[in-house]
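**Q** Residue numbers (the numbering used here): 1367 to 1472.
1. Could you tell me if the beta carbon of residue 1441 falls within a distance shorter than 7 Å of some heavy atom in the ligand ATP?
2. Following the continuous alpha helix (DSSP H) through residue 1429, name the residue where it begins and the one where it ends.
3. How would you call residue 1404, buried or exposed, if buried means at least 16 neighbouring beta carbons within 10 angstroms?
4. Taking 8 Å as the cut-off, decide whether the C-beta atoms of residue 1434 and residue 1387 are in contact.
5. Classify residue 1396 as buried or exposed, calling it buried when 16 or more other Cβ atoms lie within 10 Å of its own Cβ.
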């Protein structure tokens, strides 16, 4: 499930502010995805960038090589809106169906 929603989570975080890959990993962990691996986030960033939902740029780092920052594009904002609407619909459906099952309703 995480793979399907990870792009939406990344777009949501980057809609708030531009960031680089490892910082996104830390933000996801702070949000409660304790076991998220860098090896999961970087391919998702690549997929989002290939889909034109993100653009990247480099910022010099005082402690090493330049960092690749990501920024949401207008296409990315449109995708985020669409995906959040779909997620809201799906989560309502799951909640409704599961609560009916727990109450043994037809």
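For each residue, glycine too, the CB sits at the ideal point set by N, CA and C. Computed from a predicted model, the values in this text were never measured in an experiment.
**A** Based on what the coordinates show:
1. Of the ligands one can find in the structure shown there are none, so the ligand ATP has no counterpart to examine.
2. It is not in any alpha helix (DSSP H) - residue 1429 carries neither H nor E in the DSSP assignment.
3. exposed
4. yes
5. exposed
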